[in-house]
Amino acid sequence: MSTVPALQTKNPLKALQSYGQSVWLDYIRRSLISSGELQRFVDEDGLQGVTSNPSIFEKAIAGSTDYDTVLTTLEQSQDQDVMSLYETFAITDIQATADILRPIYEQTNRRDGYVSLEVSPYLANDTQQTISEARKLWQKVNRPNLMIKVPATSAGIPAIQQLIGEGINVNVTLLFSQDVYEQVTNAYITGLELLAAKGGDISRIASVASFFVSRIDTAVDNQITAQLKTTTDAAQRDLLKSLLGKVAIANAKLAYQRYQNIYSSSRWQKLASQGAQTQRLLWASTGTKNPQYSDVVYVEELIGSDTVNTIPPATLSAFRDHGHPKSSLTEGLDDAQSTLSKLQKAGISLEQITNQLLAEGVQVFINAFDQLLSAVEKKRTAILGKKLDRLTYKLPDALNTAVEASLDDWQKNGKIRRLWAQDATLWTGADENKWFGWLGITEDQLAHIEHLKQLAQEVQNLEFTHVLLLGMGGSSLCPEVMKLTFGKAQGFPELLVLDSTDPAQIKAIESQIDLTKTLFIVSSKSGSTLEPNIFKQYFFDRVQQIVGAESAGNRFIAVTDPGSKLQHIAEGDDFRHIFFGVPSIGGRYSALSNFGMVPAAAIGVDVAKFLNTAEVMVHSCASSVPAKENPGVVLGSILGVLAKQGRDKVTLITSPGIADLGAWLEQLLAESTGKDGKGLIPVDREPLGTPDVYGSDRIFAYIRLDSAPDSAQDAAVTVLEQAGQPVVRIAIADSYQLGQEFFRWEIATAVAGSIIGINAFNQPDVEASKIVTRQLTDEYEKTGKLPPESPIFTVNDIQLFSDPKNAAALKEVVGTAESLTNYLRAHLNRLQAGDYFALLAYIERNDIHQAQLQDIREKIRDAKQVATCLGFGPRFLHSTGQAYKGGPNSGVFLQITCDDATDLPVPQQKYTFGVVKAAQARGDFHVLAERERRALRILLGKDVQASLATLKTAIEQIL
């Protein structure tokens with residue numbers, strides 16, 4: 006079969022047609038159709054068909070408000086059972102889609118323009134029931150360009166033959182095996198022969214054989230990885246490694262070779278002479294699941310004549326952006342055959358894998374159908390007229406008008422579609438399009454959930470008492486939220502998080518664990534971050550001393566991006582597992598990726614349930630959902646618009662049961678938006694006050710856990726709302742819906758960043774303090790000491806330090822009346838309306854210190870009526886530090902350091918943890934001063950608690 010070279014085109018998706026391949030969309034929902042987005046796909050991308058399945062409909066119906074009006078109307082007219090309601094929704098969508106695609110169906114002489122609807126997955130192993138339901142759906146939809154999806158199970162194949170013989174178009178789904186594919190083609194051809202024998206018009210029948218691709222690589226790669234852990238033979242290891250990521254495409258190419266042979270046979274030619282169409286191979290499951298592989302590999306490598314590729318939205322956007330069409334399906338057939346031969350030689354049975362994948366595929370659709378019917382039943386029972394996310398807000402009239410105008414702008418100018426299409430010009434036109442892997446992460450994780458389930462079972466079986474996560478920022482904050490929200494599950498270890506170089510903090514953590522019964526998770530996206538690397542050095546050394554070098558690695562897991570320095574270290578030290586992040590997901594957007602879900606699975610969180618719940622919000626924020634109904638866009642518009650109006654202090658109020666969510670939100674908001682002199686300043690855990698202590702620079706976000714609310718918070722927020730402060734309320738039904746908040750706020754942050762006019766995905770000022778820190782630690786490695794520094798004032802065991810400019814400004818005010826109180830007074834008097842005050846504490850983060858510092862910030866807030874922030878270093882450097890240095894110059898900073906009572910060595914280095922912390926504090930202060938921030942540093946004595954009490958007394962005297 007010949008192919009035609011692709012014409013030059015700006016859209017790679019359209020170019021596929023010139024190779025004889027049709028592009029279909031693996032996605033459907035009501036607003037996709039009603040918004041005109043599906044028609045745009047047809048017009049702009051050359052889309053020629055649509056496929057659906059139970060998982061897609063489950064997310065569409067459960068995860069949106071698209072169907073609520075119809076549901077209410079139906080229920081008010083006459084109550085119906087849940088299946089009838091579902092079929093009404095689905096059939097209406099399928100009919101509307103079929104009508105949009107009908108011109109394609111006619112223009113291509115019935116070759117394309119189809120939409121697929123699946124029979125109930127409950128019937129996958131019942132031939133007669135499958136036939137009956139297929140007939141019913143065919144009649145109800147009543148469109149010639151419908152295909153009924155039937156799985157390629159042993160019961161499904163006879164049903165396929167029967168349905169084709171009756172003149173019903175069939176999309177054969179869940180094909181993995183070449184041998185099963187031949188059975189399917191035989192069923193199709195036999196069905197056509199039966200129809201022809203009855204005098205039927207076989208030219209009007211169409212069918213596709215949906216061959217699932219990426220799931221094969223996932224399953225094969227898992228087996229290869231398992232063998233590599235136990236195989237020491239060099240030749241065998243080389244053989245196994247050569248097969249990674251190769252089998253799925255090889256299998257598909259050889260299936261296509263069979264297709265060409267089958268439809269060149271004399272048996273087929275008899276049918277072709279009567280106008281019969283070949284049953285094209287359709288490539289399904291073409292979204293890339295392994296972050297080490299190209300995100301368009303299952304499109305680029307499967308291009309050939311008389312084929313279809315049904316592509317999920319994220320992959321469709323990726324291929325449109327950077328796909329390279331080429332004739333690839335008939336290339337390398339000898340290599341493909343060799344790959345499968347090598348697989349057999351390696352002792353891996355492709356037949357067993359494909360059989361297992363078929364069974365699992367059916368189960369996945371059954372699970373999705375269960376959830377779909379459950380969701381529709383809940384909607385039917387309550388006749389939900391509320392927004393899914395239950396986000397409400399009350400703003401002053403002028404601000405409300407501005408937000409409404411912003412939402413109109415996002416809707417009219419297609420900005421939500423541009424966000425999902427990863428259009429960098431929505432922000433600054435830099436590299437923003439490289440950082441959107443988080444948009445599809447829940448779907449990817451759920452498609453390959455087994456690694457998380459297996460980890461949970463493994464951790465439980467090994468009877469670890471603790472999991473200690475070693476990480477910073479995006480690698481540590483979500484795990485901390487999960488730990489503090491879900492606690493310790495029965496039969497699972499307790500999670501502890503270390504994200505501080507403070508020696509006392511490290512010793513406090515170490516004192517809580519038995520090193521021989523602890524699983525260590527070293528988590529670093531880049532793999533080169535200082536803190537997790539030295540944490541690893543310290544604890545690996547400690548474990549090694551107890552259990553020996555050969556056994557130490559078995560107690561460590563790495564979570565990192567492919568190819569990172571940490572990956573190489575983990576491989577060298579024989580870590581138990583290496584779990585990969587997705588390179589296109591920045592750290593602060595990685596909560597729902599392995600960085601958040603691996604630790605969650607290890608402590609017994611039902612991650613499948615958690616991700617499924619989050620996926621509902623993903624679809625609620627989809628590109629086809631109108632701006633005013635889109636929970637992420639609404640929140641983002643409020644944050645962005647109010648920031649531009651001077652209300653940039655996002656004051657986070659969270660119910661006690663989800664209190665740590667605020668720490669995660671701090672990083673997301675501050676690091677994403679605080680740059681170029683603009684941005685949001687998140688204010689977390691500031692004690693609630695009366696309206697008179699707040700300025701006009703605030704917006705309050707109250708995230709309420711409905712199952713465990715705090716009545717005092719409820720009352721205080723109501724008073725603030727009544728006083729005219731802008732308030733956003735978000736209600737969470739239970740803790741497992743926290744994943745919805747992760748995704749909603751990620752979308753909102755991206756939207757707010759666009760409105761503010763910054764790149765929401767970089768962190769230019771974080772690196773600045775790292776560079777200074779590195780220079781200082783390098784100096785210590787060479788000389789054995791940090792550069793000397795001189796205080797501007799000393800009293801007892803407390804010293805004050807600052808840069809020349811800040812020191813001069815303070816001394817000018819203090820004059821000759823030097824005292825701790827007068828210096829602090831001069832510094833606090835720099836606060837003006839619209840400013841914020843931040844305590845940056847490089848001390849142990851324990852309950853006593855937190856209580857003392859909380860008391861100090863509250864007193865300053867009340868006296869000065871400014872927002873106050875509290876961060877513990879170096880933890881906050883990977884979080885709010887970006888906004889403090891790169892955001893609006895409205896902060897007044899008091900950095901708190903201490904003389905460490907004890908110190909700890911860093912194995913293989915001259916410097917200690919205390920030296921690292923001191924270098925980090927100096928680097929932080931250096932960049933604050935360089936950015937002309939108003940900053941003062943106070944060095945406490947070794948008795949930190951007593952020194953803090955002295956500081957508190959001095960501030961009370963001032964205020």
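The sequence shown runs 6 to 964 under the working numbering.
We put the CB at the ideal spot given by N, CA and C, even for glycine.
Beta-carbon proximity list for residue i, same chain, < 7 Å, skipping 5 on both sides
i      : result
Lys915 : Tyr785, Glu786, Gly789
Gln913 : Gln542
Lys251 : Thr344
Ala926 : Tyr847, Gly878, Gln900, Thr902
Gly729 : Pro401
Pro59  : Glu123, Pro126, Phe370, Ala373, Phe374, Leu377
Contacts around residue i, its chain only, beta-carbon distance under 6 Å, and the 5 residues preceding and following it disregarded
i      : result
Ala164 : Thr132, Thr135, Ile136, Val155
Ala959 : Leu825, Thr826, Leu829
Gly292 : Pro317, Thr320
Val932 : Ala773, Ser774, Lys890
Val777 : Gly928, His931
Gly641 : Ala753, Val756, Ala757
Where the alpha helix (DSSP H) through residue i begins and ends
i      : result
Asp326 : 318-327
Trp288 : First-last for Trp288: 285-289, but that is the beta strand (DSSP E), not the alpha helix (DSSP H).
Ala557 : 554-557
Glu448 : 446-452
Asp31  : Counting along the chain, Asp31 falls outside any alpha helix (DSSP H), though it belongs to the beta strand (DSSP E) covering 26-31.
Val921 : 918-935
Gly876 : Here Gly876 belongs to no alpha helix (DSSP H); instead the beta strand (DSSP E) covers 872-877.
Beta-carbon gap between residue i and residue j smaller than 8 Å
i      : j      : result
Ala67  : Ala319 : no
Gln368 : Leu597 : no
Ile207 : Gln279 : yes
Glu63  : Leu524 : no
Val732 : Val722 : yes
His871 : Tyr841 : Note that residue 871 corresponds to Val in the displayed sequence, not to His. Cβ distance < 8 Å, so Val871 and Tyr841 count as in contact.
Val623 : Phe748 : yes
Tyr760 : Asp681 : Inspection of the sequence shows that residue 760 is occupied by Ile rather than by Tyr. Not a contact, by the Cβ cut-off of 8 Å.
Glu306 : Ile267 : no
Asp702 : Gly839 : yes
Gly684 : Gly445 : no
Ser121 : Ser57  : yes
Thr506 : Val552 : no
Ile861 : Leu844 : yes
Proximity test, Cβ basis, 8 Å: residue i and chain D
i      : result
Leu338 : Looking for chain D here will not work: only one protein chain is present.
Which of helix, strand or coil DSSP assigns to residue i
i      : result
Gln572 : helix
Lys246 : helix
Thr56  : strand
Pro484 : helix
Asn495 : The question names Asn, yet the displayed sequence has Gln at residue 495. Coil.
Asn418 : coil
Pro17  : helix
Ser208 : helix
Ser215 : strand
Pro687 : strand
Leu964 : coil
Asn314 : strand
Element boundaries [beta strand (DSSP E), containing residue i]
i      : result
Met602 : First-last for Met602: 599-607, but that is the alpha helix (DSSP H), not the beta strand (DSSP E).
Lys654 : 654-659
Leu909 : Where Leu909 is concerned, there is no enclosing beta strand (DSSP E), given that its DSSP letter is neither H nor E.
Phe525 : 523-528
Leu945 : 939-945
Same chain, Cβ closer than 8 Å to residue i, five either side skipped, listed in chain order
i      : result
Gln361 : Ala224
Asn894 : Gly682, Arg936, Glu937, Arg938
Thr490 : Gly662, Ile663, Asp665, Leu666, Ser740, Leu743
Asp808 : Phe930, His931, Ala934, Ala940
**Prompt:** Which runs of the alpha helix (DSSP H), 4 residues or longer, sit entirely within the stretch 340-414?
**Reply:** Runs of the alpha helix (DSSP H) lying entirely within the stretch 340-414, each at least 4 residues long, are 355-387 in chain order.
**Request:** With a floor of 4 residues, list each alpha helix (DSSP H) that falls wholly inside the stretch 719-805, ordered by position along the chain.
**Result:** For secondary structure counted as the alpha helix (DSSP H) over 4 or more consecutive residues, the stretch 719-805 holds these complete runs in sequence order: 743-761, 771-788.
**Prompt:** Which runs of the beta strand (DSSP E) fall wholly inside the stretch 137-202 and span at least 3 residues, in chain order?
**Reply:** For the stretch 137-202, the full-length beta strand (DSSP E) segments reaching 3 residues or more read 151-156, 175-180 along the chain.
**Request:** Taking only runs that begin and end inside the stretch 55-127, name each unbroken beta strand (DSSP E) of 3 or more residues, in chain order.
**Result:** As far as the stretch 55-127 is concerned, its whole beta strand (DSSP E) runs of at least 3 residues are 119-123.
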